[in-house]
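J.: Below: one structure in structure tokens.
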Amino acid sequence: MTEDTDITLPRPPVVVIRAAKPHDLPQLNAMIAALAMHHGDASAMTPEKLERDLFGPMPWITALVADGGEGLIGYAILVPLYRAQEGKRGMDLHHLYVSDGQRGNGIGQHLVARARELARQSGCDYLSVSAATGNFAAHRFYEHMDFVPRPVTGMRYMQALS
């Protein structure tokens, strides 16, 4: 995992949290790559895949962006969840990212608040998020935002379909 810089940029005077639009795809793609790099991963995301998954015939994800007026400075990606045994809908806050230099300016809190609002409007009973085991800054942030830690209860398996 790469370290954040100590740079703190001035917060833009107006930050709008809104749904991603097709013209946001290049900037959103770049931020996804930056988050992957931060975690030591490579990104295989492309603007074309984002367009398919956000605006295609079967939208798969919802993306919120933080628009600082001169460009995007953060995003959140939401994915639907379901607990069949409880009949409860949920939303997973799959990605939350704020550009280096803008962290600590409240942008992440606004993205989470808007994600929570969107999940409620979608009829969800809960909002879920995960963070890497050693990412203590994320743990503190989510607990500050009233998320309650849940123990991992088992293994997760995956099978490639191609």
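Per the UniProt record's numbering, residue 1 is the first one in the sequence shown, and the count goes up by one each step.
Beta carbons are placed, not taken as given, at the ideal position from N, Cα and C, and that holds for glycine.
(1) As a quick exercise: from 145, 140, 78 and 142, pick the residue whose alpha carbon is nearest that of residue 115.
(2) Under 8 Å between the Cβ atoms of residue 65 and residue 20?
(3) Starting from residue 89, follow its DSSP beta bridges and name the residues at the other end.
(4) What do you get for residue 132, buried or exposed, if any count of 16 or more other CB atoms within 10 angstroms of its CB means buried?
(5) Using the C-alpha atoms, what's the distance from residue 151 back to residue 28?
(6) Nearest-angstrom Cα distance between residue 123 and residue 86?
(7) Please classify residue 152: does DSSP put it in a helix, a strand, or coil?
(8) Any chance you could list the alpha helix (DSSP H) runs of at least 4 consecutive residues sitting entirely within the UniProt domain "N-acetyltransferase" (15-162), in chain order?
(9) Just how far apart, CA to CA, sit residue 242 and residue 70?
T.: Result, derived from the coordinates:
(1) 78
(2) yes
(3) 82
(4) exposed
(5) 31 Å
(6) 14 Å
(7) coil
(8) 25-38, 47-55, 107-121 and 136-144
(9) The chain is shown from 1 up to 162; residue 242 falls before or after that span and cannot be answered.
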